[in-house]
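Residue numbers (our numbering), protein chains in the order written: chain E, 31 to 366; chain F, 31 to 366; chain L, 31 to 366; chain P, 31 to 366.
Quick reminder that beta carbons are idealized off the backbone N, C-alpha and C, glycines included.
Number of protein chains: 4
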Amino acid sequence: MLIVMHHKATDSQIDAVISAVERMGLVAQPIPGSERTAIGVLGNKAYVDDTNIRDLPGVKECIHVSKPYKMVSRDFQPRSTVIRVSGHEIGEGRRPVVIAGPCAVESEEQILRTARAVKGAGADFLRGGAFKPRTGPHTFQGLKEEGLKLLALAREETGLPVVTEVMSPDTVGLVARYADMLQVGARNMQNFDLLRELGKIRAPVLLKRGMSATIEEFLAAGEYIYAEGNHNVILCERGIRTFETATRNSLDLSVIPLIKEFSHLPVIVDPSHATGRRSLVPSMAKAALVVGAHGVMVEVHPEPEKALSDGPQSLTIPGFERLMEEIRKLEGFLGY
Amino acid sequence: MLIVMHHKATDSQIDAVISAVERMGLVAQPIPGSERTAIGVLGNKAYVDDTNIRDLPGVKECIHVSKPYKMVSRDFQPRSTVIRVSGHEIGEGRRPVVIAGPCAVESEEQILRTARAVKGAGADFLRGGAFKPRTGPHTFQGLKEEGLKLLALAREETGLPVVTEVMSPDTVGLVARYADMLQVGARNMQNFDLLRELGKIRAPVLLKRGMSATIEEFLAAGEYIYAEGNHNVILCERGIRTFETATRNSLDLSVIPLIKEFSHLPVIVDPSHATGRRSLVPSMAKAALVVGAHGVMVEVHPEPEKALSDGPQSLTIPGFERLMEEIRKLEGFLGY
Amino acid sequence: MLIVMHHKATDSQIDAVISAVERMGLVAQPIPGSERTAIGVLGNKAYVDDTNIRDLPGVKECIHVSKPYKMVSRDFQPRSTVIRVSGHEIGEGRRPVVIAGPCAVESEEQILRTARAVKGAGADFLRGGAFKPRTGPHTFQGLKEEGLKLLALAREETGLPVVTEVMSPDTVGLVARYADMLQVGARNMQNFDLLRELGKIRAPVLLKRGMSATIEEFLAAGEYIYAEGNHNVILCERGIRTFETATRNSLDLSVIPLIKEFSHLPVIVDPSHATGRRSLVPSMAKAALVVGAHGVMVEVHPEPEKALSDGPQSLTIPGFERLMEEIRKLEGFLGY
Amino acid sequence: MLIVMHHKATDSQIDAVISAVERMGLVAQPIPGSERTAIGVLGNKAYVDDTNIRDLPGVKECIHVSKPYKMVSRDFQPRSTVIRVSGHEIGEGRRPVVIAGPCAVESEEQILRTARAVKGAGADFLRGGAFKPRTGPHTFQGLKEEGLKLLALAREETGLPVVTEVMSPDTVGLVARYADMLQVGARNMQNFDLLRELGKIRAPVLLKRGMSATIEEFLAAGEYIYAEGNHNVILCERGIRTFETATRNSLDLSVIPLIKEFSHLPVIVDPSHATGRRSLVPSMAKAALVVGAHGVMVEVHPEPEKALSDGPQSLTIPGFERLMEEIRKLEGFLGY
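Encoded structure:
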C-alpha cells in the first residue's frame, strides 16, 4: 500500500501516519517527492486494511498496489523524470541522446579511435564494455580495470561521458570511479543484490531489459534500484527472445510508449543487440526516436570484422556518420 | 534448382533445357520474367546434379536453393515488385498506402459511416471483415455474403477499393467478386489449399504473417501463391506471439527491412492486431513507415466500445484523422 | 450462456425454455446428453440477463461461460468421453492406443512393409500422410488420392485402421471414404471452415494442437467440431514453438493432466513431431503414458535416411519394436 | 581447442605440450581426468592452428570446439559424473534423489514441521530458501542468515542434508557454511561472477536453467563453475518461459535425455516451479524419472494457503506422502 499525503501535510502528520502503520506491525517507508510526499507500506503479506489510516489528518489517499512496482509508476509520480548526466539531460521533452562505441574495449588504439570518431559524428556518450558477460568461460571476458582506465582516457581526450557495464555488487565501487553511467546487462536484470547495491550510489544506472522479462518485471527491477534511494534510473529496451532466429532478438518498439504510460522513468533503445544485424540498426534507431525513445545506444567499431565480440551488429565509422546525419534530420522533423 | 537463362536465350534453347531436365526424371517449370527467364526444377528429392545442364547453350547459371522459397526471393528477381490495385500502386518508391476500416462489417450504417470518414481523412483502401475467423464458435462470425455486399456498397459511395478476408478455397470466387484485394488471415497463413486457390486468380492477395511463423515460412507461404501464377502478393506483418502479455502480440518492425533484403514483394504493417491497444497504434504506424513499410492497415470504428470484435485496438474516427495528419507530415519528411 | 436442464425435464419444458430464449432475440441450441440436457444460448454480444430463464420449470442452472469453449468442457460434461474407432476405444480407463507409421505414404512397398511391421509389433492404428502440408511448394506434397488407396490396401492386408490428414473442407468427403480417423494438422488447427466441415461427419477426428496455440484456443478448436455435431474428437498434443532450437518443438507434457482437468475429451501425444529427434521419441512416448495420455502417435519408417519427409524423427522398425516392448511393460505397471 | 593426451602420456610430455601452447601466446589449462588428461587451450580469439601441437609425443588428438562449453561435454568425458553429497550419490545408475521442502524458510515451526514430514515420507534432501529472489522489492525477501540457521537446525534434528539458494558472490562463503548443496536460481544462471565464485569452492552446486536459456547456454553456465575447478555441478531443469500462460512455465522433459547426450553431468527436475500448479506436480515428477532424471525437487508446505511464496504450487504433506509412495513403486519398476 502507498499512502499519499496532502501537498501541505506537516511533518507531525507524517510522523503520526508512520506510527499508525508501525502499530499494525508493518514497515513505513517515507518517500519524499518534489510534488507530494508518500509513505510506502511494506511487510504486509496480504491486503492491508486501511481503515485506521485513510482518515488521519494530512492523508490524501491510500493506493493499494498489486503490481510489483510502486515508486517508478506514473500513478505514484505523474511527472516524467529527467535525469542529468555530465551535462546532458535524458528524458521527456529533451533532445534524444546517442550513446555509441564498441561492444568491448579491446585496446587503447581501438577505443580512442572510436571515441574520436563518434564524438566527431555527434554522439553524446561513449559506450564500451570492460567487464563482459559471455555465454561461455573460454572467450574474451573484457579488459576489466584496464578497460575502465582506457575509457577514462578516451573521456579525457574527447569530453564524452562514459557508459560501461557492471556485473557484480562488489565491483560497483570500482566501476563507479570510472564511469559516468553504469549499465546493468540483460542477463543481470534480476541480479537483485547488484540492483540493491546500485541503489546505494547516486550515479545514473542504465538498466537493460532481460531477454525474457515482461514489462512488469522490467519495471520491478527498476524499482529495486529506485526504492533503495537511487532515482537516476534509465531503462533500456534491447529486444526479447522469441522463436524467430533471423534476428538476434525481437525488438518490439511498442513497449516504448507503453513503458511511458506505466512509468515516469526515461527509456532508451539498443537496436544493435536487438537485431544483431548491422543492416537493420539504422532503421530501428530512427524508428525508436519516432515512437518516443529518449535515446539510442548503438555499437560502432572501426573494424567490425576484427571485433572480439558482436562484430556483425556493429556499425562501421562511416555507417555511424551516415546514421547521425539521418538522426539529425529526424530530430529536426520531430521538433528537437 | 533454378536454371537462369541468358537475357537473349532463344525459345529453342529454353526448350532444350526443359527436355534435358525431363530426361532426368524431373519437372521443369518455365518462369518467364521481364528481366530474364528462369526454369524451376521441381520433383527432386535431393541435390540435383547440374552437370548436364549448366553448359547447355543459353544457360547463365544454376542456382541451388535450400530455402523453401525461390521465386519471391531477391536472388531470383532483384527488382522490387510494385503492385497495381484499382488505381493505386503498392511497393518500393511509391507513397505508402493506408488501409482503414472496422475489424468486422457489422451493419450498413456502421460500414458506410466508417467508409465516409476514412475516405475524408485520406485513406486509400477500406478494410472490413465479412468472414471472421474467431477463436470459438459461439461468437459473432461475420455477416458473410451480406457483409461483402455492404462493402461493395461502401465502395460505390466512396470510391475506396475494398480489402476483405477469405477463409477457405471454396469461397475464393465469391470473395473475389466483391473485393479489390483478398486478405489471408494469420491463422490461415499455412492453409496451403487456400493459398494455391488464390494463386489461380489474378486479384491482389494481402498475406498476413502467421502468429508463430518465421520469416522463412512467411515467404514460403507467399511462394505458394506466386508459384501458382498470381504474382500480386503483398505481405503483411502483424506481430508474433511471444511470452509478453502486455500487448496482444509483439511487433518487431526490423522484419520490414529484413524482408526487403530477402524478397522483392511489397510488405505492409498492421499495428492494430500487433499491439491490441489503441494508444500504441499511431506510434507504431509511423514507425512502420520510417523503417520502410509500403503501407499500413489500421482498424477504425465509429464506436469502438460497441464493436463486435477488436474494440480495444480500434481507433476512433477523430483518432484516425489525427493519425492521418501525422502520416502526411511524416510522408513529406520521408520524401513522398 | 448454457442452460442446464434437470435430469427429468420434459420435452415441453425444454421447448418452453427455447421459446423464451428466442423471444430475447437469441438462438437456442439444444444439446442432448446422456446425463443431462443443456441448451446453449448463442448470438449474444454481451452478458445475457438470465432473469426470465432461470426460474422456468425444469431449469437446473444457468452457466455464464466466458471461455471460448463450452461443450467440450468438464463443466458441461463431467464424465470422460471414450471414443470408439473400428473396434478400439480411446479414452480414460482404456489401454492407451499406439498409432504408428510413416510421415508420408511414399509407395506401395513402403507403406505395406511398415504396416506389417508395426502390426507385428503391436500397433493399434496405421498412420501415413497422403495430403502433406509442406512449408514450401517445391517439395513433395504427398501422393494424394493414390496415397489414400495405398493406406486402404495396407488396412485390408493388416487389419489396422487408418489415420490420415485432411487439409481442406472440399476433400473431407474424399478422405473420409478411405480413413478410419481424420487428422487435422497443427497448421490447420484454426482453419475454421475445415473444422466446421469435420463437424458434419461422424468419423473420429484427431485434432493436433497448433504450434502457438494456447490450451484455451486448442479446446476452442475442438469445440468447433463438437458444436457442429461430431462428438468424436480426440486431441493431440505435439509440442509448441519456443525459443529453443535443440529440439523441433517443446513438448510440455503437463498439458495432458491439465487438458483432462478442463475437458472431457480424450488426448494423445505425438512425440515424433514434438522432439524432431529419433533418440528422444521413446523417452517421451513413455512419459506421455505416465502422465495419463490416452495414446501415442509415433513415426516409423523402414529406411528413415531415405524418407521424403521427417526422416530424422522417424523410428526404424527395430526401434519401434523395442519401444513397443517397453510400452507393454509400462502398461502393465500402470495397470492396463 | 582441447588437446587430449594419450592414456600413458608422461608428465614431461604434458609439460612439453603446455610450453608449446604458451609459445603460441595462448593459455594452457591442464585438466587431469580419471580416464585421460587433457589440456584446454584458452585465450584464442579465432581458430587455433594445431600444426605445432598435434604431432608432439603423447598427444592423442586435438579437438576444435565451437560450442561455448568443453569440459562438461560428453566429448570431453564420456563417463557420466556421479556426485557424492552427504552420503547420497546423484547421477547415472543411482536411485534418483528426492529433494523436498518449502519455497522459503518462514519460521522454526514451519521448517521443522516440514523437515520431519518429508523425512518421514522418504525424502533425501531438505530444500528451503533463506535468500529469496523476488520480482519486486516490496515482498518477503527471505529470513537470510536466520533462515540458514533454521535449516541447519532442521538438518540436526532430521539428518536431512540441506539445499538452499545463494544469490551473490559475497554470500557464497556464508551459505556454504550452512548448506550441503548450494542452489543457483534461474534468474542468476548467467550471473557469471557468482558462477565463478562457486567454482572456487568444492561444495556441490545445483544450477537451475534460466527462464529463456537454451540448452547450450545452460551447459555453458555449468562450464563456468566446472572450469574454475568445482566439478560437483548438478543441473536442474525447471521449465522455460513460453507464450502459454495456463502453466507457470513450460516443462519440456525431452531436454533430460538430450542433456544426457550432450553432457556427463547429472540432471534433475523441479516440477513445482515448472508447472506452478499443485495438481500437475505428481504427474510431472514421475514423468521426470521415466525420462531418466537423476532426481526431482518438489515444494512442500504444511499449509500452502498461508505460504509467503509459491503456495499454489506447493504440495501439502499428505500430498507429498502420496507422491513418495508412487515414486517408490515407479523406482521399483525402473529397476532401482
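Excluding residues up to 5 positions away in sequence, Leu360 and Leu364 lie with their Cβ nearer than 8 angstroms to the Cβ of Val320 (chain P) in the same chain. DSSP lists P:Glu329 as the bridge partner or partners of Gly131 (chain P). Arg271 (chain L) sits close to Phe273 (chain E), with the two beta carbons spaced by under 8 angstroms.
Looking from the CA of Gln107 (chain F), the closest CA among F:Gly88, F:Pro296, F:Leu86 and F:Arg164 belongs to F:Pro296. For Ser302 (chain L), same chain residues with a beta-carbon under 6 angstroms away, outside a window of 5 residues either side, are Val311, Val328, Glu329 and Gln343 in chain order.
Measuring C-alpha to C-alpha distances from Ile48 (chain P) to each of P:Arg66, P:Lys38, P:Val89 and P:His168 identifies P:Val89 as the nearest.
The criterion of a C-beta distance shorter than 8 angstroms is satisfied by Arg157 (chain L) and Gly131 (chain L). Between Val128 (chain L) and Asp154 (chain L), the C-beta gap is smaller than 8 angstroms, which places the two residues in contact. The residues Ile120, Pro126, Val127, Val128, Ile129 and Ile298, in chain order, have a CB closer than 7 angstroms to that of Gly325 (chain L) in the same chain once the five nearest residues on each side in sequence are set aside. A buried status is given to Thr165 (chain P), since no fewer than 16 other beta-carbon atoms sit within 10 Å of its beta-carbon.
In terms of beta-carbon proximity, Thr201 (chain E) stays away from the interface with chain L, with every pair separated by 8 angstroms or more.
Membership of Leu225 (chain E) in the alpha helix (DSSP H) is indicated by the continuous run Phe222 to Gly229.
Taking C-beta separations shorter than 8 angstroms and ignoring five residues to either side along the sequence, the partners of Thr277 (chain L) in its chain run Gly269, Ala304, Thr305, Gly306, Arg307 and Leu310, following chain order. Counting C-beta atoms within 10 angstroms of its own C-beta, Arg185 (chain E) has 16 or more neighbours from the protein chains shown and is therefore classed as buried. C-alpha of Ala243 (chain L) to C-alpha of Ala58 (chain E): approximately 45 angstroms in a straight line. Going by C-alpha positions, Arg84 (chain L) is about 29 angstroms away from Asn260 (chain L).
For His36 (chain P), the secondary structure class from DSSP, reduced to helix, strand or coil, is coil. Residue pairing by DSSP puts Ser103 (chain E) in a beta bridge opposite E:Ser293. Within the segment 164-249 of chain L, the runs of alpha helix (DSSP H) at least 4 residues long that lie entirely inside it are, in chain order, 175-188, 202-208 and 222-229. P:Met211 is the residue among P:Ala160, P:Ile44, P:Met211 and P:Gly150 whose C-alpha sits nearest the C-alpha of Ala233 (chain P). With three or more CB-CB distances shorter than 8 angstroms, the segment 136-155 of chain L counts as touching the segment 166-186 of chain L. For Ala46 (chain E), the enclosing alpha helix (DSSP H) has its first and last residue at Asp41 to Arg53.
DSSP, reduced to helix, strand and coil, places Pro312 (chain F) within a helical segment of the structure shown. Here DSSP, grouped into helix, strand and coil, assigns Ser302 (chain E) to helix. A residue is called buried once 16 or more other Cβ atoms fall within 10 Å of its Cβ, and Ser96 (chain E), having fewer, is exposed. Against chain L, the beta carbon of Arg217 (chain E) has no neighbour under 7 angstroms; the closest one sits roughly 15 angstroms away. Annotation for Val205 (chain E): Val196 and Leu212 place their beta carbon closer than 6 angstroms to its own, counting only its chain and skipping 5 residues before and after.
With 16 or more other CB atoms across the displayed protein chains lying within 10 angstroms of its CB, Arg217 (chain L) is buried. With its beta carbon at least 8 angstroms from every one in chain P, Thr305 (chain F) lies outside the interface. Per DSSP, Ile69 (chain P) is one residue of the beta strand (DSSP E) stretching across Ala68 to Leu72. Excluding residues up to 5 positions away in sequence, Val135, Glu138 and Ile141 lie with their Cβ nearer than 6 angstroms to the Cβ of Leu180 (chain P) in the same chain. For Lys336 (chain L), there is no enclosing beta strand (DSSP E), as DSSP marks it with neither H nor E. Leu345 (chain P) sits in a strand when the DSSP states are folded into three classes. For Phe273 (chain F), a Cβ of chain P is located within less than 8 angstroms of the residue's own Cβ.
Ranked by Cα distance from Ile113 (chain P), the first of P:Gly240, P:Arg239 and P:Tyr256 is P:Tyr256. In the displayed model, Ala153 (chain L) falls within coil according to three-state DSSP, outside both helix and strand.
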